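Inspection log for the structure reproduced underneath, given as structure tokens.
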Amino acid sequence: MGFNNQRIALAALLLALAGGLAQAQGFSLREVAPGNFVHVGSLEERSPANGGDQANVGFIVGSRCVAVIDVGGSLPVGQSLRAALRRVTDKPVCYVILTHMHPDHVFGAEAFRAEGAEVVSHGNLPAALAQRLRTYLGALRRDLGDLADGAGIAPVTIAVDVDQERVLDLGERRLRLRAWPVAHTDNDLTVLDEATGTLWLGDLLFVDHTPVVDGSITGFLKVMDALAAIPARAFVPGHGWTATAWPAALAPQRDYLAMVVRDTRAALRARRTMEEAVDTVGASAAPNWTNFDAFHRRNVTAAYAELEWE
Amino acid sequence: MSIEQIRQAMVAAMFALLALPGLCNEKAEPDPARSQYWPPIRQMMFGERPIEDGRDVLRIYLNTRADDASTVPVAVKAQIDQSDGRYIKTVFLIVERNPSPAAGVFHFTPDSGRVQVETRLRFEDFSFVRAVAELNDGKLYEATRWVKAAGGCSAPGGKFRIPENMIGQMKFKFWDDTVEAAKPALVQLMIRHPNESALAADFDPTRTPRFVRSVKVSYAGKTVLTADVDFSLSDNPSFRFFFVPGQQGELEAVVEDTHDKVYVHRATIVEGVPLPGG
Ligand SMILES: [Zn+2]
């Protein structure tokens with residue numbers, strides 16, 4: 000644990016002891032590469048106990064300003080992130096970057112509104128999120144109760160079109176953003192900090208947490224191949240954490256997705272129905288992943304609906 | 000009453016019901032007879048007509064715990080044979096808690112062979128699914144299942160945008176290698192279509208949502224399946240059903256959407272000859 004982390008942990012502890020922000024309790028940061036700070040979210044399902052703190056979120060500090068990458072799944076999580084950021088630096092936040100549309104990554108936006116930052120996303124994010132917003136907010140309220148207060152989205156001011164790159168300059172630190180074709184969702188965006196070679200993947204990489212397919216499973220595998228070719232020196236998954244080096248850390252997710260594709264194709268060839276495929280495909284992978292019951296059968300459903308057209 | 004009339008009337012009526020607490024928190028299965036949602040829907044669709052327990056007439060098959068609220072496979076299977084004297088004329092498939100609850104109205108004839116329809120539904124919330132069969136004598140029979148949409152009620156739309164030039168693509172998928180004349184054969188009709196929901200949060204109310212409104216399948220010029228459907232069906236609507244082949248004939252699907260686009264797909268089916276893509 001570096002000096003910064005110790006200081007931050009201590010500050011968080013003091014805050015909690017002071018009975019202040021309850022949500023700051025245990026809101027840890029790690030500096031995964033110089034200037035790259037990550038908060039690793041909980042692998043548990045969303046509940047009032049964790050307050051919507053599922054996704055890995057964080058920020059990158061340049062000489063001029065700061066880019067926040069994902070804002071957490073609720074206003075309290077966004078506020079905790081901002082408080083943690085302010086313990087590290089007093090530079091202005093110039094960019095809030097959203098890696099994709101999922102609630103656990105975007106709903107803390109209100110915490111950063113006062114910063115007046117540009118909000119950056121994949122070009123497909125605004126429409127995809129708008130379509131789902133009502134149901135997403137309803138589910139958040141159901142799971143979090145009052146902790147859902149203030150959850151919402153920030154209007155995107157910089158959209159990166161699919162297959163395009165965009166460079167953001169934080170002052171002596173350039174971030175290379177890339178908008179991917181449909182994979183985890185249809186609006187996945189990665190951030191590469193050129194100074195340190197740190198690749199922020201959003202949910203294009205799950206570690207320990209069952210990977211989720213809310214886009215295209217074959218697209219996901221293709222995008223993973225392209226990601227593996229990026230010579231990253233450090234990386235930030237969307238969920239979970241690992242000491243395994245890049246790109247070897249991609250292997251468990253790739254193996255899982257490839258297995259679902261292979262076994263779903265076999266089920267289709269054997270003329271199994273969707274229900275039969277969901278009951279049989281890939282259940283043996285359960286011990287390798289958390290939240291398997293909540294997501295695996297959904298993944299097979301999505302894979303079947305996609306692959307039956309082949 | 001057409002499904003369109005039902006939809007229009009219900010969407011209005013549902014505004015009152017939307018004020019009721021959501022069912023997503025229900026832990027145990029509620030009593031279907033005490034549902035607050037059913038009486039107005041029932042009134043709208045069937046008036047005061049009695050509806051009898053349908054366990055000997057039709058059954059619904061689906062997982063009570065749905066894995067993906069945007070794609071919930073459901074099967075409705077008749078428990079009686081179609082005969083000239085007694086047959087199922089219509090099956091109404093209803094997702095009680097959806098904003099447009101009448102998901103599909105399927106019409107059959109004495110020649111339909113085996114009455115069985117499988118499709119995929121969207122769920123806005125935990126809900127009862129009801130299948131009501133109307134027999135040729137006008138009697139109504141009902142089957143009911145409770146569905147919990149796993150992982151919350153969080154899946155309103157398709158996974159990604161379908162390019163315009165792909166909308167309306169269709170595929171027949173067969174469950175046998177070949178057909179035998181006069182022996183009912185299973186076929187799945189797949190339709191590439193976004194089946195947009197009018198109730199997506201961003202939906203522009205001045206625009207007509209684009210969803211599949213009717214499906215007609217015929218074999219050798221005779222009707223196999225006629226359905227009026229709705230955006231309670233998943234994107235890329237899918238239907239699996241039986242048809243009764245002869246020695247040779249054309250299987251034809253005509254699909255119409257709410258933007259008045261008509262899509263046609265045909266396959267020639269010959270007894271003993273390997274089925275296309277089958
Ligand atoms: Zn995600």
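Chains as they are written, first to last, in numbering that gives the first Met the number 0: chain F, 0 to 309; chain A, 0 to 277.
Quick reminder that beta carbons are idealized off the backbone N, C-alpha and C, glycines included.
Note that the structure is predicted; figures quoted are calculated from it, not measured.
At a Cβ threshold of 9 Å, is T66 (chain A) touching chain F? Position 67 of the second sequence, counted from the first residue, corresponds to residue 66 (chain A). Going by the sequence as given, residue 66 (chain A) is Asp instead of Thr. Closer than 9 Å: yes.
Listed by chain order, chain A residues near G214 (chain F) by CB distance under 7 Å: Stepping through the first sequence from its first residue, residue 214 (chain F) is reached at position 215. Those within 7 Å of G214 (chain F) in chain A are K158, F159.
Measure from the C-beta of V299 (chain F) to each C-beta in chain A and report whether the shortest distance is under 9 Å. As a working mapping, residue 299 (chain F) is identified with position 300 in the first sequence. It does: the Cβ of V299 (chain F) has a partner Cβ on chain A nearer than 9 Å.
On the premise that L74 (chain F) lies in contact with P102 (chain F), defined as a C-beta separation below 8 Å, what is that separation, rounded to the nearest angstrom? The residue given as residue 102 (chain F) occupies position 103 in the first sequence. The residue given as residue 74 (chain F) occupies position 75 in the first sequence. At roughly 12 Å, the Cβ-Cβ gap does not stay under 8 Å, so P102 (chain F) and L74 (chain F) are not in contact.
Ordered along the chain, which non-local residues of its own chain (more than five positions away) have a Cβ less than 7 Å from that of V190 (chain F)? In the first sequence, counting from the first residue as 1, residue 190 (chain F) sits at position 191. If we look at V190 (chain F) and ignore the five residues flanking it on each side, its Cβ neighbours are I68, I96, L174, L176, W199.
Taking Cβ positions, are T63 (chain A) and V146 (chain A) nearer each other than 9 Å? For this step, residue 63 (chain A) is matched to residue 64 along the second sequence. For this step, residue 146 (chain A) is matched to residue 147 along the second sequence. The answer is yes: Cβ separation under 9 Å.
Can you grab the Cα-Cα spacing for the pair W174 (chain A) / R270 (chain F), in whole Å? Translated into the one-based positions of the second sequence, residue 174 (chain A) becomes position 175. Translated into the one-based positions of the first sequence, residue 270 (chain F) becomes position 271. When rounded, the distance between both Cα atoms is 6 Å.
Report yes or no: is there a C-beta of chain F within less than 9 Å of the C-beta of S126 (chain A)? Within the second sequence, residue 126 (chain A) is the residue found at index 127, counting from 1. No, S126 (chain A) lies away from the interface with chain F (no Cβ there is under 9 Å from its Cβ).
Residue closest to G34 (chain F), alpha-carbon to alpha-carbon, out of F:L42, F:N290, F:V166, F:C64: Sequence index remark: in the first sequence, residue 34 (chain F) carries index 35 (1-based). Ranking F:L42, F:N290, F:V166, F:C64 by Cα distance to G34 (chain F) puts F:C64 first.
Distance, Cα to Cα, W179 (chain F) vs G281 (chain F)? Counting from one through the first sequence, the residue named residue 179 (chain F) turns up at place 180. Counting from one through the first sequence, the residue named residue 281 (chain F) turns up at place 282. Their backbone Cα atoms lie some 27 Å apart in a straight line.
Taking the straight line between their C-alpha atoms, what separation do you get for L250 (chain A) and I190 (chain A)? The residue you call residue 250 (chain A) lines up with position 251 of the second sequence. The residue you call residue 190 (chain A) lines up with position 191 of the second sequence. Approximately 15 Å, taken between the alpha carbons.
Can you give me the start and stop residues for the alpha helix (DSSP H) that V94 (chain A) sits inside? Here residue 94 (chain A) refers to the residue found at position 95 when the second sequence is read from its first residue. Segment 87-94 is the beta strand (DSSP E) holding V94 (chain A); no alpha helix (DSSP H) there.
Classify A149 (chain A) as helix, strand or coil using the three-state DSSP reduction. Against the second sequence, residue 149 (chain A) aligns to sequence position 150. Here A149 (chain A) scores only 48 on pLDDT, less than 50, and its place in the model is too uncertain to base an answer on.
Which residues in the same chain as D256 (chain A) place their Cβ atom closer than 7 Å to its Cβ, once the five residues preceding and following it in sequence are excluded? The residue labelled residue 256 (chain A) in the question sits at position 257 within the second sequence. Contacts found: H192, R209, F210, V211, R212.
Is the shortest distance between the beta-carbon of E163 (chain A) and the beta-carbons of chain F less than 9 Å? Start at 1 with the first residue of the second sequence, and residue 163 (chain A) comes out as number 164. Not closer than 9 Å to any Cβ of chain F, the Cβ of E163 (chain A) fails to qualify, so no.
Backbone secondary structure at A194 (chain F) - three-state DSSP: Here residue 194 (chain F) refers to the residue found at position 195 of the first sequence. In this structure, A194 (chain F) counts as coil in the three-state DSSP scheme.
Rounded to whole angstroms, what is the Cα-Cα separation between F240 (chain A) and A219 (chain A)? Numbered from 1 along the second sequence, position 241 holds the residue referred to as residue 240 (chain A). Numbered from 1 along the second sequence, position 220 holds the residue referred to as residue 219 (chain A). One C-alpha to the other measures close to 16 Å.
Give the DSSP bridge partners of I68 (chain F), in chain order. Walking along the first sequence from the start, residue 68 (chain F) turns up at place 69. Answer by DSSP bridge pairing, in chain order: F:G57, F:I96.
Sequence-distant residues of the same chain with beta carbon closer than 6 Å to T267 (chain A), five excluded per side: Against the second sequence, residue 267 (chain A) aligns to sequence position 268. For T267 (chain A), where only same-chain residues beyond five positions count, the Cβ hits under 6 Å are E249.
Counting contacts by CB-CB distance shorter than 9 Å, is D224 (chain F) in contact with chain A? Numbered from its first residue, the first sequence carries residue 224 (chain F) at position 225. No, no contact with chain A.
When DSSP builds the beta bridges, which residues end up paired with F125 (chain A)? Residue 125 (chain A) sits at position 126 when you count from the first residue of the second sequence. Paired residue(s): none; F125 (chain A) is not in a bridge.
With distances taken between CB atoms, is the gap from L188 (chain F) to P47 (chain F) smaller than 9 Å? The sequence position of residue 188 (chain F) within the first sequence is 189, counting from 1. The sequence position of residue 47 (chain F) within the first sequence is 48, counting from 1. No, they are not a contact pair.
Beta-carbon within less than 8 Å of E95 (chain A)'s beta-carbon, same chain only, minus the 5 sequence neighbours each way: which residues are those? If you number the second sequence from 1, residue 95 (chain A) lands on position 96. S34, Y36, W37, I40, S126, F127, V128, R129.
With D52 (chain A) as the anchor, note down where its beta strand (DSSP E) starts and where it stops. The residue labelled residue 52 (chain A) in the question sits at position 53 within the second sequence. Element bounds for D52 (chain A): 50-52.
Can you name the start and end residues of the alpha helix (DSSP H) that G218 (chain F) belongs to? Position 219 of the first sequence, counted from the start, is the residue given in the question as residue 218 (chain F). Here the alpha helix (DSSP H) through G218 (chain F) covers 216-227.
Would you call the segment 159-169 of chain A in contact with the segment 70-82 of chain A, where contact means no fewer than 3 C-beta pairs closer than 8 Å? no
Per-residue contacts from M189 (chain A) into chain F (C-beta, under 9 Å): On the second sequence, residue 189 (chain A) is found 190 positions in, with the first residue counted as 1. Those within 9 Å of M189 (chain A) in chain F are E307, W308.
Regarding D124 (chain A) and ligand 1, is the C-beta to nearest heavy atom distance less than 8 Å? Looking up residue 124 (chain A) in the second sequence gives position 125. No.
How should N49 (chain F) be labelled, buried or exposed, when 16 other C-beta atoms within 10 angstroms of its C-beta is the threshold for buried? Start at 1 with the first residue of the first sequence, and residue 49 (chain F) comes out as number 50. N49 (chain F) is buried by the Cβ-count criterion.
Using the C-alpha atoms, what's the distance from G53 (chain A) back to R85 (chain A)? Along the second sequence, read from residue 1 onward, the residue named residue 85 (chain A) stands at position 86. Along the second sequence, read from residue 1 onward, the residue named residue 53 (chain A) stands at position 54. Spanning the two alpha carbons is a distance of roughly 15 Å.
Nearest-angstrom Cα distance between R297 (chain F) and D66 (chain A)? What you label residue 297 (chain F) is simply residue 298 of the first sequence in a count that begins at 1. What you label residue 66 (chain A) is simply residue 67 of the second sequence in a count that begins at 1. Whole-angstrom Cα-Cα distance: 5 Å.
Could you tell me which residues DSSP pairs with W199 (chain F) in its beta bridges? Position 200 of the first sequence, counting from 1, holds the residue named residue 199 (chain F). Paired residues: F:V190, F:V235.
Thinking just about the alpha-carbon of each residue, which of F:L136, F:D254, F:E307, F:T195 is nearest to the one in L146 (chain F)? Working through the first sequence from its first residue, we reach residue 146 (chain F) at position 147. L146 (chain F) has its Cα closest to that of F:L136, out of F:L136, F:D254, F:E307, F:T195.
Straight-line Cα distance separating M43 (chain A) from C93 (chain F): In the first sequence, residue 93 (chain F) corresponds to position 94, counting from 1. In the second sequence, residue 43 (chain A) corresponds to position 44, counting from 1. C93 (chain F) and M43 (chain A): Cα-Cα distance of roughly 55 Å.
Under 6 Å Cβ to Cβ from L220 (chain F), same chain only, skipping five residues before and after it: list those, please. In the first sequence, residue 220 (chain F) corresponds to position 221, counting from 1. Only L256 meet the Cβ criterion.
Where H106 (chain A) falls: helix, strand or coil (DSSP): Looking up residue 106 (chain A) in the second sequence gives position 107. H106 (chain A) falls in the strand class under three-state DSSP.
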